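Report on the structure given below.
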Amino acid sequence: MKNKNPVMKSKLLDFLAIDTPRTRLMLVIASTVSGVINALVLVVLNAAAKDFDNSELDARLFMLFILCVALYFLSKRYVTHRITNLVQTGIFKYRSRILEGLRDLQLLSYEEIGKAQILSVLSEKTELISQGAHRLADGFPAVVMLACSFAYMASISLMAFLIAVVCIVGAVVTIFILVKSISQTMQLALAKENEYLTYMQHALDGFNELKINRDKSDDLYGNYMGRVSEEAMQNNIKTDISNVNLQLYAQIYFYVLMAGIVFLLPQLSELTADKIMSITTIVLYIMGPIVIIIDMIPSVARANVAVDFLQILENKLIAAKEPIVDERTAFNAPDFFNRLDISQIRFSYPGQNQTGAFAVGPFNLTINRGELIFIRGGNGSGKSTFLKLLTGLYEPDSGSIVVDKNAVDSSLLHNYRNLFSIIFTDFHLFDRFYGQQNVDIASVNEYLVLMGLDNKTGYKNGCFTNTNLSTGQKKRLALIIALLEDKSIYVFDEVAADQDPEFRQFFYEVILQKLKNLNKTVIVVTHDEKYFSRCDRLFVMDMGRMTEDSALR
89 MKNKNPVMKS
99 KLLDFLAIDT
109 PRTRLMLVIA
119 STVSGVINAL
129 VLVVLNAAAK
139 DFDNSELDAR
149 LFMLFILCVA
159 LYFLSKRYVT
169 HRITNLVQTG
179 IFKYRSRILE
189 GLRDLQLLSY
199 EEIGKAQILS
209 VLSEKTELIS
219 QGAHRLADGF
229 PAVVMLACSF
239 AYMASISLMA
249 FLIAVVCIVG
259 AVVTIFILVK
269 SISQTMQLAL
279 AKENEYLTYM
289 QHALDGFNEL
299 KINRDKSDDL
309 YGNYMGRVSE
319 EAMQNNIKTD
329 ISNVNLQLYA
339 QIYFYVLMAG
349 IVFLLPQLSE
359 LTADKIMSIT
369 TIVLYIMGPI
379 VIIIDMIPSV
389 ARANVAVDFL
399 QILENKLIAA
409 KEPIVDERTA
419 FNAPDFFNRL
429 DISQIRFSYP
439 GQNQTGAFAV
449 GPFNLTINRG
459 ELIFIRGGNG
469 SGKSTFLKLL
479 TGLYEPDSGS
489 IVVDKNAVDS
499 SLLHNYRNLF
509 SIIFTDFHLF
519 DRFYGQQNVD
529 IASVNEYLVL
539 MGLDNKTGYK
549 NGCFTNTNLS
559 TGQKKRLALI
569 IALLEDKSIY
579 VFDEVAADQD
589 PEFRQFFYEV
599 ILQKLKNLNK
609 TVIVVTHDEK
619 YFSRCDRLFV
629 MDMGRMTEDS
639 ALR
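All residue numbers for the sequence shown refer to this note's numbering, where the first residue is 89 and numbers rise by one.
Encoded structure:
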């Protein structure tokens, strides 16, 4: 991820995708015109200053000054507007590719990347790119203006120009060394910021648990968040100090240039007072462009690092992309489901120590249409992993899944998943029926009454009016969404947990039985032994293994 020359070869330019010759040419011309005109203003002002003793207005110089200002305004506005359009278009395209990549990302890879890194790239990093692009739009005309000003200086005094060149070369070498250091510390700082966001996510999502368990809170905040935050702080301090040093060194070289012009130049060259004054005016005038360039350099360096992070994330998404579905051979779920056969399915989580990785299987079972299946097991027994394998969210290491004699391979996963409607323990509650057209409002309102939610939320303008509910109420609302999806197989992971006894009974004796009567297959993870007799088959999970236990029904 190292950027060997972050100033001269900007990844930001690649990100902006200035790839058409016409776009490049127009931006270069407009930026050059802006810089040249800005320098021409200096020439006009110097010429007018020489005529200071003349009380009459020099109309020619005045009109030339007005023309220069107008051309500068038009060219600078064009560059700024065009760069703004390019950077926002570039960010939009990158975000679109990232989001499209997320849709095709395997769940296991998503869990490895983490939500915090994705959100950081899509928000913080894109903002750094936007800032860097606008600084670049200001910086290039400033460089042109600086070059023109030095050319103007050379036309007045070659010795003054040589003094300026020596100072500029020294400044460029110093800046190059500092920017290389800045880029390295920026990379470390942004990486630590990503890590910090991951721990912050734990702190926010686990607020209740941390509030209850002080030791857990102390460990997370003190040994993880605190440590990473301090490391990020130290890297940010180094970056900021380098930026300050960059500005200070630039200022010192500017003062050296001023001293060379005022004190040294008269000793080395015989110049009139007017010429000395003109050269001094040039030096003072270029202070503005120098400040713009100095401000641009670290901003572009930050943007380059941010582009690195975007490209790394995009490469991860591409590497973990699932195979494209072949619509010509994919079976059409859910209409053709009658029997689902799972044979010798095994899975293990990848880790640094493969021998110590958690593994499940082999799983061997047949699931028929219209069956009501219960699964019980302790925490960490592998229930959630099995459900992710069953629903196609995890791809097994070995074994097969066959639906009505159709072997489910990677190219059929999307269609296979369409068989299922799922509520996991860590489910997300959506605010509307995404993917469903012509939702029956009457059915929604009827279910809200049945679930006892009609006084908690409503359904208006295509979305629920309130999703800020208790955990149990959120599960009921998620249940409504699942039921109206009308899929062939329903998977409910601890949905009855966090419910009052009345609704729990309603869930097992009414909702599940209604689904069974509709010939739906229902798989329920539960610990409610009282209702085990309601299922057709009961399975027990322990240490990643599954066995059928009809004696406990």
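We treat Cβ as the ideally placed atom computed from N, Cα and C, and that holds for glycine. In this text, all values refer to a predicted model and were calculated from it rather than measured experimentally.
- With a cutoff of 9 Å on beta-carbon distance, isoleucine 577 and leucine 428 are scored as near each other.
- Apart from sequence neighbours up to five positions away, the residues of its chain that approach tyrosine 341 with a beta-carbon distance below 7 Å are Cys255, Gly258, Ala259, ordered along the chain.
- According to DSSP, lysine 409 shares a beta bridge with Leu193.
- The straight-line gap separating the alpha-carbon atoms of alanine 394 and asparagine 526 is approximately 42 Å.
- Around the C-beta of alanine 239, fewer than 16 other C-beta atoms lie within 10 Å, and the residue is accordingly described as exposed.
- Looking from the CA of serine 269, the closest CA among Asp146, Pro386, Tyr337 belongs to Pro386.
- Here the region 219-239 makes no contact with the region 310-319; the two share fewer than three CB pairs at distances below 8 Å.
- Taken atom to atom, the span from the alpha-carbon of valine 613 to that of arginine 464 is near 6 Å.
- Shown here for tyrosine 373: same chain residues with a beta carbon closer than 6 Å to its own, the five before and five after excluded, namely Leu130 in chain order.
- With a contact defined as Cβ atoms closer than 8 Å, serine 498 and glutamate 410 qualify at about 7 Å.
- The Cβ atoms of alanine 277 and asparagine 323 sit closer than 9 Å to each other.
- An exposed status is given to aspartate 588, since fewer than 16 other beta-carbon atoms sit within 10 Å of its beta-carbon.
- Spatial neighbours of arginine 505 in its own chain (CB-CB distance under 7 Å, excluding positions within 5 residues in sequence) are listed in chain order as Thr479, Gly480.
- Partner residues in the beta bridge of serine 509, as assigned by DSSP, are Tyr578.
- Annotation note: the region 501-566 contains the following uninterrupted beta strand (DSSP E) runs of length 3 or greater, listed N- to C-terminal: 508-511.
- Here glutamine 355 is exposed. Its C-beta has fewer than 16 other C-beta atoms within 10 Å.
- Boundaries for serine 499: no alpha helix (DSSP H) harbours it, and the DSSP string shows neither H nor E there.
- In this structure, Phe508 is the residue among Gly310, Met375, Phe508 with its C-alpha nearest to the C-alpha of phenylalanine 425.
- For methionine 313, there is no enclosing alpha helix (DSSP H), as DSSP marks it with neither H nor E.
- For threonine 214, there is no enclosing beta strand (DSSP E); the enclosing alpha helix (DSSP H) covers residues 214-244.
- Contact check for lysine 99 against glutamine 432 fails: the beta carbons are separated by 9 Å or more.
- Here the alpha carbons of aspartate 616 and glutamate 582 stand approximately 10 Å from one another.
- Per the coordinates, the alpha-carbon of threonine 513 lies some 17 Å from the alpha-carbon of leucine 571.
- In the three-state reduction of the DSSP assignment, glutamine 275 falls in the helix class.
- For glutamine 432, the secondary structure class from DSSP, reduced to helix, strand or coil, is strand.
- Its chain contains Ser245, Met247 as the residues whose beta carbon lies nearer than 7 Å to that of serine 357, once the 5 sequence neighbours on both sides are disregarded; these appear in chain order.
- Taking each of Gly470, Ile406, Thr262 in turn and checking the Cα distance to serine 436, the smallest one comes out for Gly470.
- Rounded to whole angstroms, the Cβ separation of leucine 401 and valine 209 is 5 Å, and the two are in contact under 8 Å.
- Looking at the DSSP output, threonine 635 shares a beta bridge with Val628.
- Pairwise C-beta distances place the region 164-175 out of contact with the region 356-371, as fewer than three of them are shorter than 8 Å.
- Approximately 15 Å separates the beta-carbon atoms of threonine 635 and isoleucine 455; this is outside 8 Å, ruling out the contact.
- The C-beta of phenylalanine 451 has 16 or more other C-beta atoms within 10 Å across all chains shown, which makes the residue buried.
- Where proline 484 is concerned, there is no enclosing beta strand (DSSP E), because DSSP gives it neither an H nor an E.
- Cβ-Cβ distances below 8 Å link leucine 353 to Ser245, Met247, Ala248, Ile251, Leu359, Ile364, Ile367 in the same chain, with the five nearest sequence neighbours on each side left out; the list follows chain order.
- Cβ neighbours of aspartate 383 within its own chain (closer than 7 Å, five residues either side excluded): Arg223.
- A check of alpha carbon separations from phenylalanine 446 across Leu216, Ala242, Met631, Ser122 identifies Met631 as the nearest.
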